[in-house]
Structure formats: C-alpha cells, structure tokens
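To start, the structure under review is shown below, and the notes come after it.
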Amino acid sequence: MKIDWSLKSMEERRSKFFSPGLKKFMPFSEPITFKSGKGQYLWDENDKKYTDLLGMNVCISVGHAHPSIVEAANNQALELPHCTTMFYHPVPLHYAEELIETFPKNNNWVVHLTNSGSEAVDLALMMARSFTGNIDFLSLQNAYHGPTSGAQALTGISGFRHSIVNVPGISFVPEPNLYRGILGSKTENYLDAIDQTIKTSTSGKVAGMIAETIQGYTGIVEMPMGYLKGAADRIRAAGGVMIIDEVQAGVGRTGQSFWAFEKHDLIPDIIVVAKGIGNGYPIGAVVAKKEIAESMEDKFMFHTYGSNPVSSAAARQVLKVIKEEKLQENALQVGKVFLERLKDLKQKYQEIGDVRGKGLMLAIEIVKSRKTKEPDPDLTSYIFDQTREQGIIVSKSGPNRNVLRIVPPLCLNEEDVDFISDALENCFKSSKK
Ligand code: PMP
2 MKIDWSLKSM EERRSKFFSP GLKKFMPFSE PITFKSGKGQ YLWDENDKKY TDLLGMNVCI
62 SVGHAHPSIV EAANNQALEL PHCTTMFYHP VPLHYAEELI ETFPKNNNWV VHLTNSGSEA
122 VDLALMMARS FTGNIDFLSL QNAYHGPTSG AQALTGISGF RHSIVNVPGI SFVPEPNLYR
182 GILGSKTENY LDAIDQTIKT STSGKVAGMI AETIQGYTGI VEMPMGYLKG AADRIRAAGG
242 VMIIDEVQAG VGRTGQSFWA FEKHDLIPDI IVVAKGIGNG YPIGAVVAKK EIAESMEDKF
302 MFHTYGSNPV SSAAARQVLK VIKEEKLQEN ALQVGKVFLE RLKDLKQKYQ EIGDVRGKGL
362 MLAIEIVKSR KTKEPDPDLT SYIFDQTREQ GIIVSKSGPN RNVLRIVPPL CLNEEDVDFI
422 SDALENCFKS SKK
C-alpha cells in the first residue's frame, strides 16, 4: 500500500489501530504531521516550514537528518543492522569508550547500553538497590523519568502515573523550584526535607536518589547551586548512591558543560543518558562507577537492542559533530541571546510570570497573576496553538501545563532567535485581541 499522508486517513488509522492510551499524547487541538526535517527546521505535508524548538522531545541534539550521522548509521546498516550483545562487535565498544571520555576523569566509569531513557532509569534504580542492599529510594515531586514500571514509580506527576502496582519503596521530596516550590525560595529548606523524609519515610537506610540537573518536562527547573551536592551528601550518609538523569539536559545543551551536573560540584555515582545522544536513533545508557555495576554481574541483564551497532554508530558521530561544529559553544552563545529576548518579552507581558533556563534549555511560565503565580493553562494553550500558526514548534509542559518549554537542536542560530522572538511576540499580542 502506498503511504497515505492525508490527515483524515491518519486520524482514522490512529483511532482504529493505535492503542487508545497513545491518544492523550496530542500537542495541538488539531493534528500536525511532519514530513521532513533539516537542521533546526521541519516541514509539514504541505511544505510549511517550522523552526523546531522541541527537537522531537529533545532527541534531536545536532539537527534533523544531519548528513554525517545519517551516513554513519546507513553505512553500518548496510553491513549489519543488528548484533546482539553476546557477540563481539567493535562499534558499541568504541562508543562506550568515547562516551566515558566525556565524563569527569578517574572514576572508573562503565557503560550499559539500553534502547531508551526509561530502560536506563529502571536499570539505574536496580543497580542502586543491588549495590547498596537497601530498598528505599527518593525522587523529586514533579519529576518525569519515563513510562516503564521503575521510571513511572519515580515520576512525581499524577498524569503520568497509572492505577497499577508500580515498583515500591519510592518516597518523594519537594522539588527545589525557587520560583514556585512549596517550601519557598531557600535551598536549605529543600535539603532539610530530604533529611526529614529519610527519617520519617524510610528505614533510615536508602538505596539512593534520582534527580535531573534541570527538570526538563517539569518546565525547565534548574536545581539550585548546592542542592545536588547537599542531596548526595545526605543520601550517601544514609548508605545510598546519587543518580543524575541527564536525558534532557546532557550533551552540551546547557552550553556551560557537556553534562549539566558538572557545574554542580558533584560526581554522581550513576548517570542516565538517552535522547540527544542518538540524535533520533534509539539509544540510552547507564554510566556507572564500576564497583556499583559489578553488583549485578552474577545474573543476566541485557536489552535485546542495547548495543545496537546502528544506534551506536550514530551516537559516535553525534559526539564528533558536537565537537567539530562547536555546538556546546553555540548553545551557550545563542542561549544567552535567546534568554535576553525572553526577558524583553516578560517586560512587555504581565502574563509571563517567569522566564528561565540555561543554554538552549529555556522556558516561559504563564500565570494569571505575577503576584499569586496562579498558573494559566488556558492562556498557555491559546498561545501554544498560536505558535504553530507562527511557524514555531514549542512544547506545552509542566505539571500545571502552563510552561512553554524550549529545547531546540543545538544548531539554532541568532537569526532564528530574531524570527522566534517576533513569532512569540505575535502570539502574546494576539491573545489581547
Ligand atoms: N528521563 C527524562 C528526564 C526524560 O525526559 C525522559 C523522556 N521524556 C526519560 C527519562 C525517559 O526516556 P524514554 O522516553 O527514552 O524512555
């Protein structure tokens, strides 16, 4: 059958053949289709061009259809599309070595390749429990870590938690959100909450804690300086390990460092990576200190497509492209200009409660009143639908659905920022009409 691009037939097929659970995942009030992409741009089936500020959910790190990445993957696919982990193949091994080179030296890191971020999160949780012999585990309220059983159990947003028996033993601590966190704007309060939670909701011994350096889906909430280190100190004192989820904030996105945690004076025990490491090719990884990973060596643990040579070939090239095209530096420079433009926008529109972020990981939070900070999901939905008309793709995110999340491919340039700023301004202007 010929590929049918008509919206009507796709809607019919989605409704008839896709599991109903996938329906919820619809961004705009009307469906949208993308036919092709290049760099930071996308085209729909009518050849309308969009600037992609979502990067297909932060997967496109260095640009859509990057020629050298497609070539690396295609060359590997022509030779051997898959080689299961039990047989030797050099490509995933080279990737593991090159990935480790991007992490702080002398930590005896090892890599366990998976197919996705949530598989890596599940594995990291298992490793922490296996290594420490403890069960209790901490995660942040409002965090998103994925849909699988372990990752869902670590996700602190009810909209993503199904009424099923999830992995037990998880306690949630308040997210240190200095704009609207429930314990106010002092980092110390959030660290005290960790102490309290360990004392009251665990056996006193924990397996660990997981946190993103910048909560992505939650609406670009950066952990305040000192929080991650303070959390790690407390967790380690209670016998646990500190896991950092770099699925969204990693691979140079923040501009300041390759991995976002590096600016937080912390060496995690385990790091979870995915999405942007593959630039659209499915791959995730747990990077762990060897002695921690060793705790699982007695039993089988592999994912059939983990160590896939095509994804590994693509991921190797992603690391190369980020270096060669200076994309981390670009994220820093363009991100600075972008944030300034968002601040200008905030000056003009009272309904913007906050703008924030690092590098090319930015957000606009929309509120009913700056004083009460009451979220305005309806206005956010309106603005969001307008962004599409203006030719930009952003994400409507956060537990209150009132944050426009901006996480474009790292090749975005300053001319794009001019275009996007005008487009965003048009959206806010039109809401006044
Ligand atoms: N961690 C974070 C921070 C994520 O944003 C996501 C996906 N949005 C995941 C884990 C799960 O990754 P995946 O969807 O590849 O399983």
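With the numbering used here, the residue at position 94 of the sequence shown is 95, and numbering never jumps. Ideal Cβ placement from N, Cα and C applies to all residues, glycine included. Note that this is a predicted model, so its numbers are computed, not measured.
Buried or exposed: where does N109 fall if 16 or more other Cβ atoms within 10 Å of its Cβ makes it buried? Within the sequence shown, numbered from 1, the residue matching residue 109 stands at position 108. Counting Cβ neighbours within 10 Å, N109 comes out exposed, since fewer than 16 surround it.
Range covered by the beta strand (DSSP E) that runs through K397: Along the sequence shown, read from residue 1 onward, the residue named residue 397 stands at position 396. Residue range 396–398 is occupied by the beta strand (DSSP E) that includes K397.
Is the beta carbon of A125 closer than 7 Å to that of V287? Counting from one through the sequence shown, the residue named residue 287 turns up at place 286. Counting from one through the sequence shown, the residue named residue 125 turns up at place 124. Closer than 7 Å, so yes.
Complete runs of the beta strand (DSSP E) confined to the segment 260–324 [at least 3 residues]: With a minimum length of 3 residues, the continuous beta strand (DSSP E) runs that stay inside the segment 260–324 are 271–274, 285–290.
Which same chain residues end up closer than 7 Å to K264 when comparing Cβ atoms and leaving out the 5 residues on each side of it in sequence? Here residue 264 refers to the residue found at position 263 when the sequence shown is read from its first residue. Within the same chain, K264 has close Cβ partners Q257, S258.
Closest by C-alpha distance to K434, when choosing among L380, L411, D419: Along the sequence shown, read from residue 1 onward, the residue named residue 434 stands at position 433. When each option's Cα is compared against that of K434, the closest is L380.
Which residue wins for smallest C-alpha separation from N107, given the options L114, D270, A314, G118? The residue labelled residue 107 in the question sits at position 106 within the sequence shown. It is D270.
Counting pairs of Cβ atoms below 8 Å between the segment 149–163 and the segment 119–133, do you hit three or more? Yes: the two stretches touch, three or more of their Cβ pairs being nearer than 8 Å.
In this structure, how does DSSP classify G160 when only helix, strand and coil are distinguished? The residue you call residue 160 lines up with position 159 of the sequence shown. For G160, the three-state secondary structure derived from DSSP is helix.
Inter-residue spacing [alpha-carbon to alpha-carbon] between E99 and P177: Here residue 99 refers to the residue found at position 98 when the sequence shown is read from its first residue. Here residue 177 refers to the residue found at position 176 when the sequence shown is read from its first residue. Counting only the Cα atoms, P177 lies some 33 Å from E99.
From the DSSP output, which residues share a beta bridge with Y51? Position 50 of the sequence shown, counted from the first residue, corresponds to residue 51. When beta bridges are read from the DSSP output, Y51 appears opposite L43.
In this structure, does DSSP put T115 in helix, strand or coil? The count along the sequence shown starts at 1 and reaches residue 115 at position 114. Residue state, collapsed to three classes: strand.
Do you know offhand how far E298's Cα is from T133's? Here residue 298 is taken as the residue at index 297 of the sequence shown, counted from 1. Here residue 133 is taken as the residue at index 132 of the sequence shown, counted from 1. Straight-line Cα distance between these residues: approximately 14 Å.
So for K175, helix, strand or coil by DSSP? Residue mapping note: residue 175 aligns to position 174 of the sequence shown, counting from 1. Checking the displayed sequence, the identity of residue 175 turns out to be Pro instead of Lys. In the structure shown, P175 sits in coil (DSSP, three-state: anything other than H, G, I, E or B).
List, from N- to C-terminal side, the alpha helix (DSSP H) runs of 4 residues or more that fit wholly inside the segment 61–90. If we require 4 residues or more, the alpha helix (DSSP H) runs fully inside the segment 61–90 come out as 68–80.
DSSP bridge partner residues for L8 (one or two, in chain order): Counting from 1 along the sequence shown, the entry for residue 8 is found at position 7. In the DSSP output, where bridge partners are listed per residue, L8 has none listed.
Going by Cα to Cα distance, which pick from V338, V71, A289 is closest to E415? Against the sequence shown, residue 415 aligns to sequence position 414. Measuring from the Cα of E415, the nearest candidate turns out to be V338.
Which residue marks the beginning of the alpha helix (DSSP H) containing S186, and which one marks its end? Walking along the sequence shown from the start, residue 186 turns up at place 185. Run containing S186: none; DSSP gives neither H nor E here.
If we call anything under 7 Å between Cβ atoms a contact, is I393 one with A364? Taking the sequence shown and counting its residues from 1, the one referred to as residue 393 is at position 392. Taking the sequence shown and counting its residues from 1, the one referred to as residue 364 is at position 363. The answer is no: Cβ separation not under 7 Å.
Tell me the DSSP secondary structure of D355 in three-state form. Looking up residue 355 in the sequence shown gives position 354. Looking at D355 - three-state DSSP - the assignment turns out to be strand.
Among R130, Q197, L184, S382, the one whose alpha carbon lies nearest that of V168: On the sequence shown, position 167 is the one that residue 168 refers to. Out of R130, Q197, L184, S382, the CA that lies nearest to the CA of V168 is found in R130.
Three-state secondary structure (DSSP) at L139? The residue given as residue 139 occupies position 138 in the sequence shown. In this structure, L139 counts as strand in the three-state DSSP scheme.
When burial is assigned at 16 or more other CB atoms within 10 Å of the CB, is D377 buried or exposed? Numbered from 1 along the sequence shown, position 376 holds the residue referred to as residue 377. Under the 10 Å beta carbon count, D377 is surrounded by 16 or more other beta carbons and is classified as buried.
Cβ-heavy atom distance between H90 and ligand 1 below 6 Å? Walking along the sequence shown from the start, residue 90 turns up at place 89. H90: no, Cβ never under 6 Å from ligand 1.
Specify, as a first and last residue, the run of the alpha helix (DSSP H) that V404 falls within. Along the sequence shown, read from residue 1 onward, the residue named residue 404 stands at position 403. In this chain, V404 is not harboured by any alpha helix (DSSP H); it is covered by the beta strand (DSSP E) spanning 404–407.
List the whole-angstrom C-beta distance separating G279 from A315, where the pair is believed to meet the contact cut-off of C-beta under 8 Å. As a working mapping, residue 279 is identified with position 278 in the sequence shown. As a working mapping, residue 315 is identified with position 314 in the sequence shown. About 6 Å; that satisfies the 8 Å criterion.
Express the C-alpha separation of D48 and M210 in angstroms, rounding to a whole number. Taking the sequence shown and counting its residues from 1, one reaches residue 210 at position 209. Taking the sequence shown and counting its residues from 1, one reaches residue 48 at position 47. Cα to Cα, M210 sits roughly 46 Å from D48.
Looking only at its chain, what residues have a beta carbon closer than 7 Å to the beta carbon of I136, apart from the 5 residues adjacent to it on each side? For this step, residue 136 is matched to residue 135 along the sequence shown. Closer than 7 Å at Cβ, skipping near neighbours: R130, G170, A208.
Alpha carbon of G281 to alpha carbon of L54, nearest angstrom: Taking the sequence shown and counting its residues from 1, the one referred to as residue 281 is at position 280. Taking the sequence shown and counting its residues from 1, the one referred to as residue 54 is at position 53. Spanning the two alpha carbons is a distance of roughly 15 Å.
Extent of the continuous alpha helix (DSSP H) run through I221: The count along the sequence shown starts at 1 and reaches residue 221 at position 220. Counting along the chain, I221 falls outside any alpha helix (DSSP H), and DSSP gives it neither H nor E.
Using 8 Å as the Cβ pair cut-off and three pairs as the minimum, do the segment 317–329 and the segment 142–152 touch? Result no; under three Cβ-Cβ pairs closer than 8 Å.
Range covered by the alpha helix (DSSP H) that runs through M57: In the sequence shown, counting from the first residue as 1, residue 57 sits at position 56. That run of the alpha helix (DSSP H) goes 56–59.
Alpha helix (DSSP H) segment containing A363, residue limits: The residue given as residue 363 occupies position 362 in the sequence shown. Note that residue 363 corresponds to Leu in the displayed sequence, not to Ala. First-last for L363: 362–367, but that is the beta strand (DSSP E), not the alpha helix (DSSP H).
Go ahead and pull the three-state DSSP assignment for P21. Here residue 21 corresponds to residue number 20 of the sequence shown, with the count starting at 1. Helix at P21.
Alpha carbon of S172 to alpha carbon of S313, nearest angstrom: Residue mapping note: residue 172 aligns to position 171 of the sequence shown, counting from 1. Residue mapping note: residue 313 aligns to position 312 of the sequence shown, counting from 1. If I take the Cα positions, the gap works out to 35 Å.
Inter-residue spacing [alpha-carbon to alpha-carbon] between D234 and E352: For the purposes of this step, residue 234 is taken as residue 233 along the sequence shown, with counting starting at 1. For the purposes of this step, residue 352 is taken as residue 351 along the sequence shown, with counting starting at 1. Cα to Cα, D234 sits roughly 39 Å from E352.
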